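Structure first, commentary second.
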Ligand code: 5GP
């Protein structure tokens with residue numbers, strides 16, 4: 025990720041630092057409708073999660089997107105309240121203090137987090153929610169809400185991922201190297217997810233996610249947590 029000035033950020037962490045508290049949200053206790061599910065879309069940077077999510081939301085209007093709060097500046101074309109809730113750091117820190125976030129993470133020096141109240145509220149109301157977050161965040165959510173459905177969007181291969189990142193040309197060579205190292209670690213996390221969708225062909229990937237949504241809407245909650 026580049027910062028607003030387009031300068032490579034120096035002490036960039038290999039992976040994001042996830043910050044979570046040892047609490048558990050009892051998702052199954054808020055299940056009031058058989059189809060309300062929390063779908064967490066994650067995966068390697070450059071695997072095409074964003075395009076996939078936008079298409080998914082168009083084709084599945086029943087899904088509600090959880091809009092993440094972030095302290096990073098908007099990129100060209102991004103709208104506040106649609107792509108992210110762009111916020112300043114003091115406001116974000118206050119949300120952390122007030123434990124208003126389901127999980128939060130520092131990714132390349134910027135803060136990201138989702139509103140706990142919004143997510144739990146929508147699930148309790150019977151909605152199915154989809155969020156797109158990084159791997160650490162996805163694993164944190166799974167620890168807190170075992171009923172959350174984790175979908176890993178993978179590139180066909182690391183070589184293809186590298187090609188996609190290079191063609192995007194939004195990173196400096198240093199940032200690209202950091203992204204690729206992080207992607208290697210990220211691919212190793214696939215076994216912790218519920219589903220993996222290889223995004224080789226957008227239509228195929230969307231079709232597969234559609235099948236996952238249908239199957240999950242019919243799944244009987246375990247009721248164990
Ligand atoms: P970007 O700034 O490029 O849109 O996102 C940077 C990274 O932050 C992506 O990997 C994205 O998935 C992740 N991210 C966005 N929202 C959240 C969130 O609420 N929690 C966590 N843990 N990561 C997030």
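In my numbering, the protein residues as written are 25 to 249.
In this text, a Cβ means the ideal position worked out from N, Cα and C, and glycines have one as well.
Owing to the predicted nature of the structure, the values given are computational and were not obtained by experimental measurement.
Item: Within 10 angstroms of its Cβ, does residue 82 collect 16 or more other Cβ (buried), or is it exposed?; Value: exposed
Item: I'd like to know whether the C-beta atoms of residue 87 and residue 223 end up nearer to each other than 8 Å.; Value: no
Item: Residue range of the alpha helix (DSSP H) that residue 175 falls in?; Value: No alpha helix (DSSP H) contains residue 175, which is instead part of the beta strand (DSSP E) from 173–178.
Item: Which whole-angstrom value describes the C-beta separation of residue 63 and residue 159, a residue pair presumed to lie in contact below a C-beta threshold of 8 Å?; Value: Going by Cβ atoms, the distance from residue 63 to residue 159 rounds to 15 Å, so no, they are not a contact pair.
Item: Around the Cβ of residue 128, are there at least 16 other Cβ atoms within 10 angstroms (buried) or fewer (exposed)?; Value: buried
Item: Are the beta-carbon atoms belonging to residue 179 and residue 70 less than 8 Å from one another?; Value: yes
Item: DSSP three-state label for residue 54, please.; Value: Note that residue 54 has pLDDT 49, beneath the 50 cutoff, so the model's placement of it is unreliable and no number is given.
Item: Can you tell me where the beta strand (DSSP E) holding residue 129 begins and where it ends?; Value: 125–131
Item: Tell me whether residue 92, by its Cβ, gets closer than 7 Å to a heavy atom of the ligand ZN.; Value: Annotation note on the ligand ZN: not contained in the displayed structure, which lists the ligand 5GP as its ligands.
Item: For residue 109, name the three-state secondary structure that DSSP assigns.; Value: strand
Item: Flag this pair as yes or no: are the beta carbons of residue 90 and residue 155 separated by less than 8 Å?; Value: yes
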